[in-house]
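Quick mapping for you: the protein sequence lines, in order, are chains A and B.
So the first sequence is numbered by my numbering: it starts at 1 and just counts up by one.
So the second sequence is numbered by my numbering: it starts at 1001 and just counts up by one.
Every residue, glycine too, gets a C-beta built ideally from N, C-alpha and C.
This structure is a prediction, so every number in the text was calculated from the model and none was measured.
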Amino acid sequence: MERAYNISVFTENSIGILNRITIIFTRRHLNIESITASESEVKGVYRYTIVVNTSLDQVKKVVAQIEKQVEVLKAFFHTDDEVVHQEIALYKLSTEAFANGGAEKIVREHHARILTIEKEFTIVEKTGQPEELTVLFNDLSSIGVLEFVRSGRVAISKPMKTLEHYLEELEN
Amino acid sequence: MEKNIRGAEAVMRCLVAEKVDTLFGYPGGAIMPIYDALYDFKDEVNHILVRHEQGAIHAAQGYARTSGKVGVCFATSGPGATNLITGLADAMIDSTPVVCVTGQVASHLLGTDAFQETDVIGISMPVTKWNVQVTKAEDIAGAMAKAFYIARSGRPGPVLVDITKDAQFGMTDFEYKPCEKIRSYSPKPTIQMNDLNAAVDILNSAQKPFLVIGQGIILSGAEQELVAFAEKSGIPVASTLLGLGAFSPDHPLYVGYLGMHGNYAPNILTNECDVLLAIGMRFDDRVTGDVSRYAKQAKVIHFDIDAAELNKIIKADVAVLADAKEALSLLIELITPKKHENWLGEFRALEKIEHECVVNKAKHPTNGELKMAEVVNLLSEKTDGKAIIVTDVGQHQMITSRYYQYKGFRSNVTSGGLGTMGFSLPAAIGAKLGNPEKTVVAIIGDGGFQMTIQELGTILQAKVDVKILILNNNFLGMVRQWQQLFFDRRYSFTEIVNPNFTAIAKGYSIDALKITERNELDNGLDTLLNSTGAFLLEVVVEQEENVFPMIETGASVSEIRLN
């Protein structure tokens, strides 16, 4: 059965490691739904969150292949209910339409934030899960959304040893 | 520490520090500083000039596979580097330790489509265990140390180090520190005793246990432990293609070669055993046939050093992450001594059927054209199974795997996983340079020979004593066999018009002989084996001979056909 899996990968900071990870998906004809990368709580260790729809059997093999890469410290996978995950979305609206179109009500209802107001455009920000971001998009569409962008998912698993703990294991 | 030397010289000093005495390569613009440095190291390092970069990496593979050392090759940027890709893929899938050093355009030209610039790091990523680009002279020593460590440790594999021309020209202080640890890389697993004990419990209560071994035995140097374990446990042993040579075919517990063109008994009884113990093998589809009908009745115990191989193809009841030698050493202690005479008898009974239906006719035909099997069988007898045999890909490869009795240490070199035609001739050059005292025979089909035929020039220039045995059936025989069996004899572009091979060999000053008749075979092989220096023997064999037994694609191992 296919479902969404959140793959967390911890790597050294080296050129090309992102490519080494993504070709593992390409080779198996797997589409990456979302991917984010940034430095983790440990300096020099990078953390990737990759979301992919696939089977349990396939995600196990993919994670094993990721962890096999020389510069990968550790890789895990979790289902959606095993992680806390969020995305951030930015919505660019015409300031004129925004002012006239009942936008205040929509922004309030969705607990979204106004990031900036310029003469020509206003940027609204909303953090949440994909469905929430989509509902806001749909509601704002009545005013007219000029641009819309989502960050891709970041996820933290609920039960997990700390990264430092794994690093200690690897050092020994 | 060396003060203020060029990056190019640092590369050479790294090789010397890693005790590299032989390497294979081809110069070009972007690697010229390294070749200039090599000029001063000619006494310490024997550089073999090949005729094509693919030849360099296959030679490095042949050298590595037979010597146990890391094979090394040099190539320039652009086409030089891309010509290595087939060999990298081959070394990756067959776990061969190779370090490739490629020249690269100067770092300020990266990404500009400069002359002979190619993104070899990007291109080679899927087919290297690790690769790295070096743009500063001071980073060379560290990169090379990591390269050798990664190539040879754990499950071995190919590594590529791409060095920009400015890094080769740049000046640096040099001190070589061998790499012994990388935080993110754990090549030597610690055996979990719970797993091992679970395996032992299953093995000790097994009635029909079956041991299948792969190249992992050879790579970990576990040949002696394997014999001791087999003899104590009484478990019959079968081998994959790359495992041939790890266990003597003369041993009473040896029951044959597994897979598509393997032996009858071990394939059929895979589906009869109650415990399948797999060590250092990866359940390639050519071994398993239809996985949904592979050893379903058996408890499967799988030992491998690569965690990604465990439960990849066949779900194991007990999977043990382990080095084969360490695992076998522990198993020897824990296993209960047993004999499995009746079970072994089942193998012998099926073996008899294979001998009657296939083997005897193949090895000792009395009329008709020469058959590949009789040539290989006679070669095996004349060399007592102790030559290093380097095969190419196709019918001759399967026939050799079936009929050569590999008894020598690291004596089997073939392109298993990738199936690279053109592998044999350059790989045999590397094998000979790594084993000057041994007889090295390259057995090649007429098709594959022409894929890397230019390496005859390497044999000529470097005076490499390789015995070349061409089994010529004027067909791309394995494809033709499939066309006959599965495509209604529609021989689409498999008939091949060949040049005069002996004339070509003589053009390279290599003595050569062509034989077509059975009564010439004995003398022909003697001439090949007793020649001084390289020799080419072309044996014209039956055109439409098929390799049997055979497990058809999609069939189960127990459905192996005898004809």
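Residue-chain proximity (residue i, chain A), Cβ-Cβ < 8 angstroms
| i | result |
| --- | --- |
| Asp1306 (chain B) | yes |
| Tyr1026 (chain B) | no |
| Lys1129 (chain B) | yes |
| Pro1158 (chain B) | no |
| Tyr1403 (chain B) | no |
| Pro1126 (chain B) | yes |
| Ile1121 (chain B) | yes |
| Arg1183 (chain B) | yes |
| Ile1150 (chain B) | yes |
| Lys1312 (chain B) | yes |
Three-state secondary structure assigned by DSSP to residue i
| i | result |
| --- | --- |
| Gly1029 (chain B) | helix |
| His78 (chain A) | strand |
| Phe1247 (chain B) | coil |
| Gly1422 (chain B) | coil |
| Ile15 (chain A) | coil |
| Asp1384 (chain B) | coil |
| Gln1133 (chain B) | strand |
| Asp1162 (chain B) | strand |
| Val1016 (chain B) | helix |
| His1364 (chain B) | coil |
| Thr54 (chain A) | strand |
| Pro1266 (chain B) | helix |
| Ile156 (chain A) | strand |
| His1052 (chain B) | coil |
| Asn6 (chain A) | strand |
| Ile1335 (chain B) | coil |
| Ala89 (chain A) | strand |
| Tyr1176 (chain B) | coil |
| Cys1273 (chain B) | coil |
Under 8 angstroms between C-beta atoms of residue i and residue j
| i | j | result |
| --- | --- | --- |
| Thr1022 (chain B) | Asn1046 (chain B) | yes |
| Thr1240 (chain B) | Val1275 (chain B) | no |
| Val1413 (chain B) | Gly1071 (chain B) | no |
| Ala1064 (chain B) | Thr1096 (chain B) | yes |
| Val52 (chain A) | Ile7 (chain A) | yes |
| Val135 (chain A) | Val107 (chain A) | no |
| Tyr1294 (chain B) | Ser1556 (chain B) | yes |
| Thr79 (chain A) | Val154 (chain A) | no |
| Tyr1403 (chain B) | Val1376 (chain B) | yes |
| Ala1141 (chain B) | Glu1180 (chain B) | no |
| Leu1425 (chain B) | Thr1452 (chain B) | yes |
| Gly1345 (chain B) | Met1281 (chain B) | no |
Whole-number beta carbon distance between residue j and residue i, since they are thought to touch under 8 angstroms
| i | j | result |
| --- | --- | --- |
| Leu1253 (chain B) | Pro1236 (chain B) | 6 angstroms |
| Gln1104 (chain B) | Ala1030 (chain B) | 6 angstroms |
| Asn1473 (chain B) | Glu1542 (chain B) | 7 angstroms |
| Ala1037 (chain B) | Met1012 (chain B) | 5 angstroms |
| Asn19 (chain A) | Gly1122 (chain B) | 7 angstroms |
| Val45 (chain A) | Leu73 (chain A) | 7 angstroms |
| Val1547 (chain B) | Leu1370 (chain B) | Not quite, the Cβ-Cβ distance comes to about 15 angstroms (not below 8 angstroms), so this is no contact. |
Residue i Cβ short of 7 angstroms to the ligand GDP heavy atom set
| i | result |
| --- | --- |
| Ala1060 (chain B) | Among the components of this structure there are no ligands whatsoever, and the ligand GDP is therefore not found. |
Cβ of residue i within 8 angstroms of any chain B Cβ
| i | result |
| --- | --- |
| Arg28 (chain A) | no |
| Gly16 (chain A) | yes |
| Lys61 (chain A) | yes |
| Leu163 (chain A) | no |
| Leu170 (chain A) | yes |
| Glu71 (chain A) | yes |
| Arg150 (chain A) | no |
| Lys68 (chain A) | yes |
| Gln58 (chain A) | no |
| Arg47 (chain A) | no |
| Arg20 (chain A) | yes |
| Glu12 (chain A) | yes |
| Ile88 (chain A) | no |
| Ile7 (chain A) | no |
| Ala64 (chain A) | yes |
| Ile50 (chain A) | no |
Three-pair Cβ contact test at 8 angstroms for the segment 1322-1337 of chain B versus the segment 1220-1237 of chain B: yes
The segment 1187-1200 of chain B in contact with the segment 1047-1064 of chain B per 3-pair CB rule at 8 angstroms: no
Three-pair Cβ contact test at 8 angstroms for the segment 1397-1409 of chain B versus the segment 1069-1089 of chain B: no
The segment 54-66 of chain A in contact with the segment 1-16 of chain A per 3-pair CB rule at 8 angstroms: yes
Meets three-Cβ-pair contact criterion under 8 angstroms: the segment 1387-1395 of chain B and the segment 1430-1446 of chain B: By the Cβ criterion, the segment 1387-1395 of chain B is in contact with the segment 1430-1446 of chain B, since at least three pairs of Cβ atoms, one from each stretch, lie closer than 8 angstroms.
Given 8 angstroms, three or more beta-carbon pairs between the segment 1530-1540 of chain B and the segment 1483-1491 of chain B: no
The segment 1198-1216 of chain B / the segment 1331-1341 of chain B touching (three or more Cβ pairs under 8 angstroms): yes
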